[in-house]
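J.:
Residue numbers (the working numbering), protein chains in the order written: chain Y, 827 to 1354; chain B, 827 to 1354.
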């Protein structure tokens, strides 16, 4: 067979559309499918037996499936597929696709649709799938024929791989899946990042000069090797390094270059960014407020700050930092690394936000993955944990809660040899609580810490921030989760996950040690 | 004040937009808000204290909130509001809005949005809210000003009330909510149903003649009084009465006119409809298959059947049936009522689908509301329960699972003096399992029966129906919920709901008696 033939689609009358789709996904590097299928997806499900190699992971609600695909991409660097049942199945996964989109994660959604002849009948499950998919997708296509679905799937994977990563939604009518004539498509070329803005290089290099200058990093600029280069630039020029409040993935820990985050609370963020008159952006966007607040600015950088965009998230950030390093003459300057001695002392007694941060810092295992949805509880985690052993830290970039446990699933499946810790508030965890079952089913090595403050704590502060003075009891009641109290130990056990409740530092320390030592999932309810 | 003045908006500089919105909703009969609010909705939340009268019900995931609004409309006959946090909060509630739309339920969604100046900054939670709302909404509007939001809200309520009921989505930018100048709008006129098709009356009356003719009823035609009229027509003409597979609300029980349902399984449905050469539609649509299956028809009525549409779901069905009754000369004909003796014998021993149906029939309390999401387990419930005391039966009209427990919440809040039973499969219940917490919080009088067959049982049959022969272990694994087993007693208790597990008929009988006697929520895990 010539190479030309190999790279074209291969017709095989013996394959139906679903089989050609599964084989094409495998050929294009998609090896995992997070799913909750229905009738219209049964041929895809059946194909999983005929075509070996696709790991299929069942979720009890689609928000778990799409969140897991987000976490998988962040850690595997290539997309997983989701398999979703018609418009409503997609709809259930929509908010975690929103988060994935904002994180720059690549996801290939396969969304079942009625057979083309059935749509006009307006059956109960008929809906505007294209309309539901568009707001969270960069690429949407309906594959009309068994003959074309292989090619369409390969192009969906290619779309999902456009840096930093995109949401591709392929709508699969059931007759496309069940008809014969499927044509398998070989791997298409992997999209490359765009070029950084070379015309801004000189200005960027000049801007980085002393403590009034800031190098703001995002996306792939937060990899270990790129941070090393950024560290050289900081050491040479005296500029500060920061990242946005939320990062899809950051490499951290002792021996690496530390990068702080722009704080979430509006007033503190404004204060933190006030010193910087010159800001260079590499993979990050200029910081803005999460929300608008009456009478407060939404742009967080100081007025008149000189902001130079050297590279956006889709650009070649390694090349950008390397060029910036050269232009600032920093290539031989050693970066500052975090020392191991930076680990905090061992706290005892009651659990508070400080002792909690210290205990987590001391517990993080070497090479761990930390999925952080700690919202209010975790605001002090970043500085305290920087001296832990080398680890990877994932934030929620889209702000829709319920991202943490699903993303931990995807990270654990992408990296079966690494320990995963999911740090989550109780309110957030309830959004996609079904994730616990999938953790148990797949025996994933995840330790979940639930910070049980029994409220939407963040909103207590936000009430004041938006100008609500003296909120009344009805308002407060809408932010409270303590009537009734959630029992996370019962919750976890109901879905097959071992669990314990801790009320002081020693209990938490022991529970984390036990959870991280075991090889399956484990939940710790941390009473705050 | 003149009537003219009363019916116009009333400016009150002391009110902000959110306060004028809450007062307008109350003026227009909207007294309940199902919510999970965020920062952008804090002024609405604060207004709940200033403006008394709105019952605000917190849900831990928006699918619970939108499903509850669906159930509320079906039982209260007027819309509730939802309060949802930006695009992702709406997205989480989307699939139950799909179900509500298909049920013809009216819902007024209030969806928070960033302040208008903040949208262009593309903050983490920024999304295309209008685009997300459109596929499930009949009416979408963004209210630009505090001055207009009262008028917009009144029009949203009016849109939601267009018979049989519509989804109205009002997008509320946070500056619209917090700015002063809110103008309260008085009640607008309630929309009336459209006229039925009088030109089809003679043909319809003629079509109903003997056992080869069918009167197919839907929507408001299934009220107690309308069924009485349909019963006269059937007794006079010899036609059969049926309803669609899924009905938003049907009045049933001893002393009423019984109406069966078109079966779900495609082959059985085709067989059931084969006798009918002439079909008259009153509030129903001509039956079609839930899904397309290869080689099987999608239209369930016999080929060449003469189908007369007298009235669609938005028409005045009381007038249509009354006219049809007159035209068939049935006004003095007594209808056939279900006898009390129709109740089944008391079963003992193991629980199977037959004994389960009999026990439920015997347990249904007088005036109960039954929310049915029993999917496979409940296919035999309809004929067996028809002799139970008078009750109301609600089905899922949109086919997206996870509708049952949320709808039960809305029904219980609409009808605090009635017992509610939620009958649900385990797979369906997991979709919106967070509903249990809201039941406990509001102390709702709901008895939940979980049918724990530990699988997506419906899909086992569907695999065969779509032509998959000999499914392999990977396919079967995607339909199985038994690894790990869900423990519903732990699940319910984790959210403050009393629960028990039953394995035989006597245990189930006792558990239902206890659950229905108590005044709060209760869950029974029925092992199948």
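All C-beta atoms, glycine included, are put in the ideal place defined by N, C-alpha and C.
Put residue 966/Y into one of helix, strand or coil per three-state DSSP.
T.: Walking along the first chain from the start, residue 966/Y turns up at place 140. Residue 966/Y sits in a strand when the DSSP states are folded into three classes.
J.: Have a look at residue 1237/B and residue 1321/Y and give me their C-alpha separation to the nearest angstrom.
T.: As a first step, residue 1237/B is located in the second chain; it is residue number 411 there, counting from the start. As a first step, residue 1321/Y is located in the first chain; it is residue number 495 there, counting from the start. Between residue 1237/B and residue 1321/Y, the C-alpha separation is close to 28 Å.
J.: So that I know if they touch, is there some Cβ in chain B lying closer than 8 Å to that of residue 1373/Y?
T.: An answer regarding residue 1373/Y cannot be provided, because it is not within the stretch 827 to 1354 covered by chain Y.
J.: Shortest alpha-carbon distance to residue 1082/B belongs to which of 899/B, 1211/B, 876/B and 1332/B?
T.: Taking the first residue of the second chain as position 1, residue 1082/B is located at position 256. Comparing Cα-Cα distances from residue 1082/B to each of 899/B, 1211/B, 876/B and 1332/B, the minimum goes to 1211/B.
J.: Are residue 1233/Y and residue 954/Y closer than 8 Å when you measure CB to CB?
T.: As a first step, residue 1233/Y must be located in the first chain, where it is residue number 407. As a first step, residue 954/Y must be located in the first chain, where it is residue number 128. No.
J.: Just by C-beta distance, which residues in the segment 897-920 of chain B are closer than 7 Å to chain Y?
T.: Residues 913, 914, 917, 918 and 920.
J.: To the nearest angstrom, report how far apart residue 1284/B and residue 908/B are at their CA atoms.
T.: Indexing the second chain from 1 puts residue 1284/B at position 458. Indexing the second chain from 1 puts residue 908/B at position 82. So the alpha carbons of these two residues sit roughly 31 Å apart.
J.: Taking the beta strand (DSSP E) that residue 859/B belongs to, which residues open and close that run?
T.: Position 33 of the second chain holds residue 859/B. Residues 858-862.
J.: Quick test of the definition: if touching needs 3 or more C-beta pairs under 8 Å, does the segment 1092-1100 of chain B touch the segment 1120-1135 of chain B?
T.: yes
J.: Name, please, each residue of chain Y whose Cβ falls closer than 9 Å to the Cβ of residue 1313/B.
T.: Position 487 of the second chain, counting from 1, holds the residue named residue 1313/B. Near residue 1313/B (Cβ distances below 9 Å), the residues of chain Y are 1316, 1319, 1320, 1321 and 1322.
J.: Quick one: grab the DSSP three-state call for residue 1066/B.
T.: Residue numbering aside, residue 1066/B sits at position 240 when the second chain is read from its first letter. Strand at residue 1066/B.
J.: Buried or exposed: residue 862/B, going by 16 or more other Cβ atoms within 10 Å of its Cβ?
T.: As a working mapping, residue 862/B is identified with position 36 in the second chain. Looking at its Cβ environment, which holds 16 or more other Cβ atoms inside 10 Å, residue 862/B is buried.
J.: Expressed to the nearest angstrom, what Euclidean distance is found between the alpha-carbon atoms of residue 1201/Y and residue 888/Y?
T.: Taking the first chain and counting its residues from 1, the one referred to as residue 1201/Y is at position 375. Taking the first chain and counting its residues from 1, the one referred to as residue 888/Y is at position 62. The straight-line gap from Cα to Cα measures roughly 23 Å.
J.: Three-state secondary structure (DSSP) at residue 1340/B?
T.: As a working note, residue 1340/B is residue 514 in the second chain. DSSP places residue 1340/B in helix when its eight states are reduced to three.
J.: What's the gap between the Cα of residue 938/B and the Cα of residue 1103/B?
T.: Residue 938/B sits at position 112 when you count from the first residue of the second chain. Residue 1103/B sits at position 277 when you count from the first residue of the second chain. C-alpha separation (whole angstroms): 52 Å.
J.: Is the Cβ of residue 1353/B closer than 8 Å to any Cβ of chain Y?
T.: As a first step, residue 1353/B must be located in the second chain, where it is residue number 527. Not an interface residue.
J.: Alpha carbons only, please: which of 1117/B, 1044/B, 1325/B and 1086/B is nearest the one belonging to residue 1110/B?
T.: Position 284 of the second chain, counting from 1, holds the residue named residue 1110/B. Nearest of 1117/B, 1044/B, 1325/B and 1086/B to residue 1110/B, Cα basis: 1044/B.
J.: Taking residue 866/B as the query, report the chain Y residues whose CB atoms sit under 8 Å from its CB, ordered along the chain.
T.: Your numbering for residue 866/B matches position 40 in the second chain. Simply 1117.
J.: Is the distance from the Cβ of residue 1107/B to the Cβ of residue 1063/B below 8 Å?
T.: Indexing the second chain from 1 puts residue 1107/B at position 281. Indexing the second chain from 1 puts residue 1063/B at position 237. No; because the gap between Cβ atoms is not below 8 Å, this pair is not in contact.
J.: Do you know how far the Cα of residue 870/Y is from the Cα of residue 1007/Y?
T.: In the first chain, counting from the first residue as 1, residue 1007/Y sits at position 181. In the first chain, counting from the first residue as 1, residue 870/Y sits at position 44. Straight across, the Cα-Cα distance linking residue 1007/Y with residue 870/Y is about 15 Å.
J.: Strictly below 7 Å CB to CB, what residues from chain Y border residue 1288/B?
T.: Counting from one through the second chain, the residue named residue 1288/B turns up at place 462. The contacting residues are 865 and 868.
J.: For the alpha helix (DSSP H) that residue 853/Y lies in, which residues bound it at each end?
T.: By one-based count along the first chain, residue 853/Y stands at place 27. Start and end: 843-853.
J.: Report yes if the CB atom of residue 951/Y is closer than 8 Å to the CB atom of residue 1224/B, and no otherwise.
T.: Here residue 951/Y corresponds to residue number 125 of the first chain, with the count starting at 1. Here residue 1224/B corresponds to residue number 398 of the second chain, with the count starting at 1. Against a cut-off of 8 Å, the Cβ pair of residue 1224/B and residue 951/Y comes out as a contact.
J.: Please name the residue in 1291/B, 1216/B, 1257/B and 1267/B whose C-alpha comes closest to that of residue 1235/B.
T.: Within the second chain, the letter at position 409 stands for residue 1235/B. The option with the nearest alpha carbon to residue 1235/B is 1267/B.
J.: Could you name the residues of the segment 949-963 of chain B whose beta carbon sits closer than 7 Å to any beta carbon of chain D, in the order they occur along the chain?
T.: The structure shown contains no chain D; its protein chains are Y and B.
J.: Measure the C-alpha to C-alpha separation of residue 846/Y and residue 1009/Y and round it to an integer number of angstroms.
T.: Here residue 846/Y corresponds to residue number 20 of the first chain, with the count starting at 1. Here residue 1009/Y corresponds to residue number 183 of the first chain, with the count starting at 1. Distance between the alpha carbons of residue 846/Y and residue 1009/Y is about 6 Å.
J.: Quick check on the burial criterion: 16 or more other C-beta atoms within 10 angstroms. Buried or exposed for residue 1299/B?
T.: Indexing the second chain from 1 puts residue 1299/B at position 473. Residue 1299/B comes out exposed.
J.: Which word fits residue 1113/B, buried or exposed, when buried means at least 16 other C-beta atoms lie within 10 angstroms of its C-beta?
T.: If you number the second chain from 1, residue 1113/B lands on position 287. Looking at its Cβ environment, which holds 16 or more other Cβ atoms inside 10 Å, residue 1113/B is buried.
J.: Pop quiz: residue 854/Y and residue 1014/Y are said to be a contact at Cβ under 8 Å. What is the actual Cβ separation, rounded to whole angstroms?
T.: Stepping through the first chain from its first residue, residue 854/Y is reached at position 28. Stepping through the first chain from its first residue, residue 1014/Y is reached at position 188. Confirmed, Cβ separation roughly 7 Å.
J.: Quick check: what's the CA-CA separation for residue 1294/Y versus residue 868/B?
T.: One-based indexing of the first chain puts residue 1294/Y at position 468. One-based indexing of the second chain puts residue 868/B at position 42. For residue 1294/Y and residue 868/B, the distance between alpha carbons rounds to 8 Å.
J.: Are there three or more Cβ pairs, one per stretch, closer than 8 Å when the segment 875-890 of chain B is compared with the segment 1136-1151 of chain Y?
T.: No, because fewer than three Cβ pairs between the segment 875-890 of chain B and the segment 1136-1151 of chain Y fall closer than 8 Å, the two stretches do not touch.
J.: What does residue 1333/Y reach in chain B if we use C-beta pairs closer than 9 Å?
T.: Within the first chain, numbered from 1, the residue matching residue 1333/Y stands at position 507. Result: empty, since nearest Cβ-Cβ is about 20 Å, beyond 9 Å.
J.: Below 6 Å CB to CB, which residues in the same chain sit around residue 963/B once its five sequence neighbours on both sides are set aside?
T.: On the second chain, position 137 is the one that residue 963/B refers to. Counting only Cβ-Cβ distances below 6 Å, and skipping sequence neighbours, we find 993 and 995.
J.: Whose C-beta lies closer than 6 Å to the C-beta of residue 1163/Y among residues of the same chain, with five residues either side of it excluded?
T.: Residue numbering aside, residue 1163/Y sits at position 337 when the first chain is read from its first letter. Within the same chain, 1081 come within 6 Å of residue 1163/Y by CB-CB distance, once the 5 residues on both sides are set aside.
J.: Please work out which residues of its chain come closer than 6 Å, Cβ to Cβ, to residue 849/B, disregarding the five sequence neighbours upstream and downstream, and give them in chain order.
T.: Counting from one through the second chain, the residue named residue 849/B turns up at place 23. Closer than 6 Å at the Cβ level, and outside the excluded window around residue 849/B, lie 877 and 1010.
J.: Mind checking if residue 965/B is an interface residue toward chain Y, Cβ cutoff 8 Å exclusive?
T.: The residue you call residue 965/B lines up with position 139 of the second chain. For residue 965/B, the answer is no, since every Cβ of chain Y falls outside 8 Å of its Cβ.
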